[in-house]
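Chemist: In this note's numbering, the protein residues as written are 1 to 140.
By construction, the Cβ of each residue, glycine as well, lies at the ideal position given by its N, Cα and C atoms.
The structure that follows is given in the form of structure tokens.
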Amino acid sequence: MDRVSKWSLGADTTCILCKNAVESRNHLFFDCDYSGQLWKSLTMGILLTDHSKNWSVITSQISDSSRGGKSGFCIRYSFQAAVYAIWRERNRVKHGEKPMPIAMLQKLVDKGVRNKLSLMKMVKGGAMVDGLEYWFSTRV
Ligand SMILES: [Zn+2]
């Protein structure tokens with residue numbers, strides 16, 4: 001919305017998820033109180049003291065090729081799942097739908113990650129055979 005307001009004067013730039021700040025990319029992903037809670041619940045147990053809600057820190061973490069294996073996969077998959085979920089929720093509310101309680105969205109996205117890891121478990125000898133166990137061990 002910070003970009004829309006540059007060509008559409010008078011457009012409401014307020015973040016529709018927290019109603020507490022101007023909606024920019026960095027705010028939506030994941031400075032926002034609402035979206036930040038989703039990102040935290042997904043990745044806090046993996047990133048621990050490296051956990052951040054800052055876009056440039058996060059994008060550099062997911063681009064770090066030295067972070068591979070289960071933690072690398074879980075962080076990258078969580079990132080794409082969280083960005084998708086927040087963008088979809090943002091658009092739903094923008095179009096008049098009732099906002100989803102954060103606990104419900106957290107459950108939904110966590111289930112999506114678990115389903116993905118469950119499917120990857122079936123790749124015999126693959127790097128993610130114990131990805132689901134890893135995911136459970138990182139839930140805080
Ligand atoms: Zn917000």
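1. Taking Cβ to Cβ, would you say leucine 105 is nearer than 8 Å to leucine 48?
2. Short check: CB of valine 83 to CB of phenylalanine 136, under 8 Å?
3. Does DSSP classify valine 22 as helix, strand or coil?
4. So does the stretch 107 to 124 actually touch the stretch 79 to 93, counting three or more Cβ pairs closer than 8 Å?
5. In the DSSP assignment, the alpha helix (DSSP H) including serine 66 goes from what residue to what residue?
6. Alpha carbon to alpha carbon, how far is methionine 122 from aspartate 2? Give it in angstroms, no decimals.
7. Would the stretch 58 to 65 count as touching the stretch 85 to 98 if we require 3 or more Cβ pairs under 8 Å?
8. Keeping to the same chain, check which residues put their C-beta closer than 8 Å to that of valine 113; ignore five residues upstream and five downstream.
9. Helix, strand or coil for threonine 13, going by three-state DSSP, please let me know.
10. On the three-state DSSP scale, how would you describe lysine 141?
11. CB tryptophan 7 to CB asparagine 26, shorter than 8 Å?
12. Could you give the DSSP three-state label for glycine 125: helix, strand or coil?
13. Does the separation of the CB atoms of methionine 128 and lysine 70 fall below 8 Å?
Modeler: So, to answer that:
1. no
2. no
3. strand
4. yes
5. Counting along the chain, serine 66 falls outside any alpha helix (DSSP H), and DSSP gives it neither H nor E.
6. 44 Å
7. no
8. Leu42, Cys74, Tyr77, Ser78, Ala81, Trp135
9. coil
10. Any property of residue 141 remains undetermined from this structure, which presents the chain solely from 1 to 140.
11. no
12. coil
13. yes
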